Amino acid sequence: MFKKILIANRGEIACRVIKTARRMGIQTVAVYSDADARAPFVRMADEAVHIGPAPAAESYLIADKIIEAAKQTGAEAVHPGYGFLSERASFVEALEAENIAFIGPPVNAIAAMGDKIESKKLAKEAGVNVVPGFVGEIRDTDHAVEISNDIGYPVMMKASAGGGGKGMRLAWSEKDVREGFEATKREGLNSFGDDRVFIEKFIENPRHIEIQILGDKHGNVIYLNERECSIQRRHQKVVEEAPSPFVTPKMRKAMGEQCVALSKAVNYHSAGTVELIVSGADPTGESFYFLEMNTRLQVEHPVTEAITGVDLVEQMIRVAAGEKLPMTQDDVKIDGWAIENRVYAEDPYRGFLPSTGRLVRYQPPVEPWADDGAENGRRGVAGIRVDDGVFEGGEVSMFYDPMIAKLVTWGETRDEAADLQVAALDAFRIEGLGHNVDFLSAIMQHPRFRSGELTTGFIAEEYPEGFEGAPADERLRGVLAAVGGVIATADADRARRIDQQLDGQEYAPGDWTIRIGEREEGSTTHEIVLGEDALIVDGEPVTIEMQYTPGESMVDVALYDNGADEDAEPLEVYTIQLKPTRTGYKMTTRGATHSLRILQSRIAHLAGHMIEKTPPDLSKMLICPMPGLLVKLHVAEGEEVQPGQPLATVEAMKMENILRAEKQATVGTINAAEGDSLAVDEVILELE
1 MFKKILIANR GEIACRVIKT ARRMGIQTVA VYSDADARAP FVRMADEAVH IGPAPAAESY
61 LIADKIIEAA KQTGAEAVHP GYGFLSERAS FVEALEAENI AFIGPPVNAI AAMGDKIESK
121 KLAKEAGVNV VPGFVGEIRD TDHAVEISND IGYPVMMKAS AGGGGKGMRL AWSEKDVREG
181 FEATKREGLN SFGDDRVFIE KFIENPRHIE IQILGDKHGN VIYLNERECS IQRRHQKVVE
241 EAPSPFVTPK MRKAMGEQCV ALSKAVNYHS AGTVELIVSG ADPTGESFYF LEMNTRLQVE
301 HPVTEAITGV DLVEQMIRVA AGEKLPMTQD DVKIDGWAIE NRVYAEDPYR GFLPSTGRLV
361 RYQPPVEPWA DDGAENGRRG VAGIRVDDGV FEGGEVSMFY DPMIAKLVTW GETRDEAADL
421 QVAALDAFRI EGLGHNVDFL SAIMQHPRFR SGELTTGFIA EEYPEGFEGA PADERLRGVL
481 AAVGGVIATA DADRARRIDQ QLDGQEYAPG DWTIRIGERE EGSTTHEIVL GEDALIVDGE
541 PVTIEMQYTP GESMVDVALY DNGADEDAEP LEVYTIQLKP TRTGYKMTTR GATHSLRILQ
601 SRIAHLAGHM IEKTPPDLSK MLICPMPGLL VKLHVAEGEE VQPGQPLATV EAMKMENILR
661 AEKQATVGTI NAAEGDSLAV DEVILELE
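Here it is in structure tokens:
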């Protein structure tokens, strides 16, 4: 076994590998860029080597710097994590030349399967179903249009070396191909150093199923069941679960055996994932196609670990050291259900645009996963596992992937795992930048998600107008109003105890009028009466149990049936995050933030005389929705534009975002130039 390994990665995956290596008694070496000098993974490792500036192209993507760090520290092997150099055959060859082991598959497998064009050719030769498409060299945009017309729309343009949702464009027409082909090439070149693109038929209403493969150097290859990864946004996975609610034992066996055969065809060893696309129109699941093989560890590997008990990182290390797999296919079981949500620094209320900045508050629902070797330890604390690589006060940088953490829950059933996700997301406290916690909670509660009727179009179909928060039912609004009344009374009681705060009142007020909603339109109003023995909401008694001290930012609330016995189970349990406002509180729970205006009932009628602020008209300005680089201006001053016409392209988090005109207008003043770094909400141009 190795005595020291180097992790050629950063963030949560670097932390995850370090934890397992530490449990195995292996020393670790971290490499870090300027941006990561204070990152948790650097502090966790036994040694750390600085390898360059913040941009990945000047640090984590330079193989020579990684190899030099390994030689300098005496590391015997390198674990690449995912992304960066994890699927670069030349990196493996360079390591082998220095007699440094690679904790991953053999170079021939990476070369064959890591290249999407070559892997499709190989899969086709091996008799595996592949999606119709063109896998040759595409000369230019006109050639891409010709190919797309022959295949038939819609088509998907993909960077050959792409991954993680980057370097992909869906085209529904020739216009989309002409607009997106060059952008796809640029993203492939910028992110992966390869601008080759292939085009294939886009399977409508598809499900994304992937099979986890694990092999050793002695010819043994097994599959560790499947993961459902259909809920995606812009081809980036958002929710993953294992097993899939769609896959039957017969399908699992057929998919698994085919993926094992494909792996053996390239003498595969280590962990890997074969991604399949399954037609949602075929309930038998027999219409599945090879999509690609990821010759590395997947981001979503914890859900497989949770249901199988197999530590994939540990097995990767042992396989690289020459050990045989300790299990056979018959030993692989399915125990319970696991769901992973990716907590991203992106703002779902603003079209999921990247949100970089400092984590002013970062408090996960449980302590981050420690890998202490305990039985079922891969399921975290009471079924909740947090894998992260950030810290409170740290910064989510514009240079890397915007992931904050991975939240994994395990339950005996799928509903139990989803319920645990909702509870854990409610307790996940993040402040300082935009994040998608509300959106993830909304998905977990969505009836279509609960039914298991998933496709890769789930988000686009269920949130066509964008995300505005999960809807609150009558019960939840009643609970929020009740909690608002209790909190307002407690705050008033504290105020009356401070000299001259409540003008000498002997008792704190208990009658409140609470409006839930930012504005009068669409809001609901509730009358609260808080007495010694009862809490009345809109004339009906409500029984809740909570503890609150003025100033607290989070409360746990249990709702009971009226008249229930003392030992009765609550109807619902809520975790509610609180943020005081000028006239009340913002309360966040169950996938939405609710604004509560709380006034004493005796003065509430006077609020109608207060003029509500009218939001400014932003339709006459093109505003940069996120921090980024202005790559291209598509218009000039005085130019007439039509709805949907591209106005500017902004690059953020390695992704190009095309900003379009919302209505017919004339371009007025242009305030930015190509190459400018833009701040969020900066005005790029004005429209007349």
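Taking the UniProt record's numbering, the leading residue of the sequence shown gets 1, the next gets one more, and so forth.
For glycine and all other residues, C-beta sits at the position ideal for the given N, C-alpha and C.
Because the structure is a prediction, the values reported are computed rather than measured.
- Annotation for Ser279: the continuous beta strand (DSSP E) segment containing it runs Ser270 to Ser279.
- One alpha carbon belongs to Glu637, the other to Leu629, and they sit about 20 Å apart.
- Per DSSP, Met293 is one residue of the beta strand (DSSP E) stretching across Phe288 to Asn294.
- Cβ neighbours of Asn657 within its own chain (closer than 6 Å, five residues either side excluded): Val650.
- According to the DSSP assignment, Asn657 belongs to the beta strand (DSSP E) that extends over Met655 to Arg660.
- Glu518 places its beta carbon 8 Å or farther from that of Gly434.
- When the beta-carbon positions are compared, Val422 and Phe428 stay at least 8 Å from each other.
- Secondary structure of Arg23 (DSSP, three-state): helix.
- A direct Cα-to-Cα measurement between Thr284 and Glu146 gives close to 34 Å.
- In this structure, the beta-carbon distance from Ile603 to Gly484 does not fall below 8 Å.
- When DSSP states are grouped into helix, strand and coil, Met554 belongs to the strand group.
- According to DSSP, residue pairing for Trp512 in a beta bridge involves Ile528 and Gln600.
- In the DSSP secondary-structure assignment, His594 is bridged to Met587.
- Per DSSP, the beta bridge partners of Asp347 are Leu353.
- When only Cα atoms are considered, Ala161 and Glu465 end up about 32 Å apart.
- With contacts defined by Cβ atoms closer than 8 Å, Thr308 and Lys324 do not form a contacting pair.
- For Val260 and Gly469, the gap between their C-alpha atoms comes out near 42 Å.
- Taken through DSSP and simplified to helix, strand or coil, Ala488 comes out as helix.
- The beta carbon of Thr525 sits closer than 6 Å to those of Arg515, all from its chain and outside the five residues before and after it, given in chain order.
- DSSP, read as helix, strand or coil, puts Asp388 in strand.
- The beta-carbon separation of Val390 and Val366, rounded to 15 Å, does not stay under the 8 Å limit for a contact.
- When C-alpha distances from Ala35 are compared across Gly591, Val266, Ser59 and Glu12, the shortest belongs to Ser59.
- Counting along the chain, Gly180 sits inside the alpha helix (DSSP H) bounded by residues Glu174 to Phe192.
- Of the candidates Asp216, Ala48 and Ala144, the residue whose Cα lies closest to the Cα of Gln315 is Asp216.
- Assignment of beta-bridge partners to Asn341 by DSSP yields Val239 and Leu407.
- Ser553 sits exposed, since fewer than 16 C-beta atoms from the chains shown fall within 10 Å of its C-beta.
- The C-alpha of Val680 is placed about 29 Å away from the C-alpha of Arg178.
- A Cβ-Cβ distance of about 7 Å is found for the pair Ile487 and Tyr585, placing them in contact under the 8 Å criterion.
- By a beta-carbon distance limit of 8 Å, Ala126 does not contact Glu118. Their separation comes to about 12 Å.
- Under the DSSP assignment, Thr141 falls in the alpha helix (DSSP H) whose first and last residues are Thr141 to Ile151.
- Burial is judged here by how many other beta carbons sit within 10 angstroms of a residue's own beta carbon; Asp533 has fewer than 16 and is exposed.
- By a beta-carbon distance limit of 8 Å, Val131 does not contact Ala159. Their separation comes to about 16 Å.
- Leaving aside the five residues that flank Thr593 on each side, the residues in its chain whose CB is nearer than 6 Å to its CB run, in chain order, Lys586.
- Put simply, the backbone Cα of Ser86 is about 12 Å away from that of Ala109.
- Going by DSSP, Phe41 is part of the alpha helix (DSSP H) stretching over Pro40 to Met44.
- Under DSSP, Phe102 forms a beta bridge with Val78.
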